[in-house]
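What follows is one structure encoded as structure tokens, with my remarks underneath.
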Amino acid sequence: MKKILFGVYAAICIALLVWAFELAVNAPAEMMQGDAYRIIFYHVPSATVAFTFFAISMAGSIGYLVLREKNAAKALAWDAWAVSGAEVGIVFCTVVLVTGPLWGYRAWGIWWAWDARLTTTLLLWLIYVSYLLMRRFASGAQMRTSSAVLGIFGGIGVPIVYIANRIPGQHPGPVFGGDRASGMAPEILRPFLWNMAAWLFWGILVLILRHRFELKQQAIAAAEAEQSLNA
Amino acid sequence: MKKAVAQIAALVPIALLVFALYSLYAAPAEPPRDWRLHMTQEQHDLMVAPIDHAFRVAAYSVTWAIQLGYLAWLGLKWSGLKRVAGRASNQN
Amino acid sequence: MIDTLLTHLVKDLRIEWRSKEAINSMLFFSLLVVVLFSISFDPRGAFSRDIAGGVLCVATMFASVSALNQAWAREIRHQVLDAQRMAPTGGAQLYLAKVLANFLFVSVVQILLAPVFLVFYNLHILGNAWLLLLVLPLGTWALVSNGIFFAALSINSRNRELLLPLILFPIFTPALMAMVNATTGIFTGEFDPTIWIKLLAAYDIIYTTVSLLLFETVLRSE
Numbered sequence: 005m006k007k008i009l010f011g012v013y014a015a016i017c018i019a020l021l022v023w024a025f026e027l028a029v030n031a032p033a034e035m036m037q038g039d040a041y042r043i044i045f046y047h048v049p050s051a052t053v054a055f056t057f058f059a060i061s062m063a064g065s066i067g068y069l070v071l072r073e074k075n076a077a078k079a080l081a082w083d084a085w086a087v088s089g090a091e092v093g094i095v096f097c098t099v100v101l102v103t104g105p106l107w108g109y110r111a112w113g114i115w116w117a118w119d120a121r122l123t124t125t126l127l128l129w130l131i132y133v134s135y136l137l138m139r140r141f142a143s144g145a146q147m148r149t150s151s152a153v154l155g156i157f158g159g160i161g162v163p164i165v166y167i168a169n170r171i172p173g174q175h176p177g178p179v180f181g182g183d184r185a186s187g188m189a190p191e192i193l194r195p196f197l198w199n200m201a202a203w204l205f206w207g208i209l210v211l212i213l214r215h216r217f218e219l220k221q222q223a224i225a226a227a228e229a230e231q232s233l234n235a
Numbered sequence: 073m074k075k076a077v078a079q080i081a082a083l084v085p086i087a088l089l090v091f092a093l094y095s096l097y098a099a100p101a102e103p104p105r106d107w108r109l110h111m112t113q114e115q116h117d118l119m120v121a122p123i124d125h126a127f128r129v130a131a132y133s134v135t136w137a138i139q140l141g142y143l144a145w146l147g148l149k150w151s152g153l154k155r156v157a158g159r160a161s162n163q164n
Numbered sequence: 019m020i021d022t023l024l025t026h027l028v029k030d031l032r033i034e035w036r037s038k039e040a041i042n043s044m045l046f047f048s049l050l051v052v053v054l055f056s057i058s059f060d061p062r063g064a065f066s067r068d069i070a071g072g073v074l075c076v077a078t079m080f081a082s083v084s085a086l087n088q089a090w091a092r093e094i095r096h097q098v099l100d101a102q103r104m105a106p107t108g109g110a111q112l113y114l115a116k117v118l119a120n121f122l123f124v125s126v127v128q129i130l131l132a133p134v135f136l137v138f139y140n141l142h143i144l145g146n147a148w149l150l151l152l153v154l155p156l157g158t159w160a161l162v163s164n165g166i167f168f169a170a171l172s173i174n175s176r177n178r179e180l181l182l183p184l185i186l187f188p189i190f191t192p193a194l195m196a197m198v199n200a201t202t203g204i205f206t207g208e209f210d211p212t213i214w215i216k217l218l219a220a221y222d223i224i225y226t227t228v229s230l231l232l233f234e235t236v237l238r239s240e
């Protein structure tokens, strides 16, 4: 039953992505940037998904630390969300960091700039990669505790970096909630929202897969531990 | 059958990446810096459009190369887990 | 509470006084880094002032890592750390004492290195030089407090010495930015470093608080 539901969800995701791509390709050209603005159809949703999943990872880390002495099984479940959120977040963050310069080179003439959002995004990527490295190098039960603590540190660091860099720079200003000149034309808003939904659905699909994998890994480790106890 | 699927799953992201790099490499040359002396805005836009298109194609290809590459890697690890679990339950 | 803190602190200072391993290695390493940077980036004229701040901060950073790596090594030898865990005192005092001791060591190295630095870069400080006495301690505190905490995190990992810089540098980057910008502002006198000093102070307060709260968890995570 679960597998069928998951298959249906996967099919919906793919259908959404195809529909969103269709809308993105056929959206009208923009006044200022011509066709180059189309990056918002995959770059902005990927960034949103990445940041959301990093937040999920931080919540998982906090949950693990709070629950690990009271309810070990539940704590492991939170830890599974922590590592899944981190890993899938890194995948989407990589997409953001690679597609951004590809757009930036055509739009601004430079591949990179050290302003608020770019630096924050790069640092976020570095912090969560170091989180994964910590999990790989550490061993035993301390690994989960240490990496949960590191996850919390990383999560706090991000707003600090963002504030440190908040000088008007190269990256386009906020489109929503910015000044009078911001806001999106309806012909572009509709494809944008569909793309946002499509990438979010896809991200959740990958997150669920990674989470299932982690649970399976935990189960095998627990079975092996029990086996060695009973041997 | 399974091996074929696995091989395709591994090759598609690599192919997408190569395609993206090729798209960037094969993009036409940019107009010179002093293009305003030689051509109108419309001519410049016509010259620049295929370059923008090449970059856009590269961006989409790279996006899917990363996404599918990650899924392929996850799939590989998953099948590795299945083997470990199979061995463990055989020992019981 | 203060007694415990002082006991830990005096212990660390005494060990360092007898062996001087941390200070010697840090001093030589930071000297090497300053020389290497001078060779790589030609430190002539006004340009030297622009990069001197960055070089000073990065030299301090690399030098501290060599000290931080051995900060907990002393405790692991002869199961001293297990004894610490069994002691009825809190982990926070142990952490704070280690941070204070290492803060002292790194500051000593910075003071000894400052004249060398002024000479190699022919520095005329154009801004308010007294602010350096505020910026450098704040930056060093950020480095040492985070470094000691992460060194404790990585105690039980396979590649302890390799892991520490990998997890420390990304988290330390905001403080590095603030420190470099503040020192550049002081050296060049071109802009007001106040906002960066405020940011550095805020970073110190936030991270020291979180470290104090979470250190108990890390110490007893086994």
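Chains as they are written, first to last, in the numbering used here: chain V, 5 to 235; chain X, 73 to 164; chain A, 19 to 240.
Cβ atoms here follow ideal geometry from the backbone N, Cα and C, with glycine treated the same way.
Check, Outcome
"In terms of alpha-carbon separation, which member of V:I18, V:A76, V:G11 lies closest to A226 of chain V?", "V:A76"
"Quick check on F91 of chain X - is its C-beta less than 7 Å from some C-beta in chain V?", "no"
"The alpha helix (DSSP H) spanning I173 of chain A covers which residue range?", "Neither: I173 of chain A is in no alpha helix (DSSP H) and is coded neither H nor E."
"Let me check one thing: in DSSP terms, what residues is A142 of chain V bridge-paired to?", "A:S175"
"May I ask you to report which of helix, strand or coil DSSP gives N18 of chain A?", "One cannot answer for residue 18 of chain A here, as it falls past the ends of chain A, which runs 19 to 240."
"Any idea what DSSP makes of F59 of chain A, helix, strand or coil?", "coil"
"Exposed or buried, which one is N42 of chain A when buried takes at least 16 other CB atoms within 10 Å?", "exposed"
"So with CB distances below 9 Å, who are the chain X contacts of W198 of chain V?", "Those within 9 Å of W198 of chain V in chain X number zero; the least Cβ separation is about 16 Å."
"What separation, rounded to the nearest whole angstrom, lies between the Cα atoms of R105 of chain X and W129 of chain V?", "35 Å"
"Compare the C-beta of K220 of chain V with all C-beta atoms of chain X and state if any pair is closer than 7 Å.", "yes"
"Taking all protein chains shown into account, do 16 or more other C-beta atoms lie within 10 angstroms of the C-beta of E230 of chain V, making it buried, or fewer, making it exposed?", "exposed"
"Out of curiosity, what's the CA-to-CA distance linking S66 of chain A and E114 of chain X?", "47 Å"
"Would you check if the distance between the CB atom of V77 of chain X and the CB atom of V102 of chain V is smaller than 7 Å?", "no"
"Would you mind working out which of V:N234, V:L233, V:A235, V:I212 sits nearest F10 of chain V, comparing C-alpha positions?", "V:I212"
"How should L109 of chain X be labelled, buried or exposed, when 16 other C-beta atoms within 10 angstroms of its C-beta is the threshold for buried?", "exposed"
"Using a Cβ-Cβ distance cut-off of 7 Å, determine whether N177 of chain A contacts chain V.", "yes"
"Excluding the five sequence neighbours on either side, which residues of its own chain have a C-beta within less than 6 Å of the C-beta of A81 of chain A, listed in chain order?", "M44, F47, S48"
"At the level of alpha carbons, what is the spacing between A87 of chain X and A31 of chain V?", "28 Å"
"Apart from the five residues just before and just after L126 of chain V, which ones in its own chain have a Cβ nearer than 8 Å to its Cβ?", "L101"
"Can F205 of chain A and I143 of chain A be called in contact, C-beta distance under 7 Å?", "yes"
"Between the stretch 157 to 167 of chain A and the stretch 50 to 63 of chain A, are three or more C-beta pairs nearer than 8 Å?", "no"
"Spell out whether any CB of chain V is found under 7 Å from the CB atom of N174 of chain A.", "yes"
"Compile a chain-ordered list of the residues in the stretch 149 to 164 of chain A whose CB is closer than 9 Å to at least one CB of chain V.", "N164"
"Is A200 of chain A closer than 7 Å to V153 of chain A when the C-beta atoms are compared?", "yes"
"Just to confirm the assignment: which complete alpha helix (DSSP H) runs, minimum length 4, are found wholly within the stretch 75 to 117 of chain X?", "107 to 110"
"Do we get a CB-CB distance below 7 Å when we pair V87 of chain V with the residues of chain X?", "no"
"What are the start and end residues of the alpha helix (DSSP H) that includes N30 of chain V?", "6 to 30"
"Quick one: residues in its chain with C-beta nearer than 7 Å to the C-beta of A115 of chain A, no 5 flanking neighbours on either side, listed in chain order?", "L23, H26, L27, D30"
"Is the CB of Y94 of chain X under 7 Å away from at least one CB in chain V?", "no"
"Which chain A residues are close to I160 of chain V, counting only those with a beta carbon under 8 Å from its beta carbon?", "I224, Y225, V228"
"I'd like to know whether the C-beta of V12 of chain V is nearer than 7 Å to at least one C-beta of chain A.", "no"
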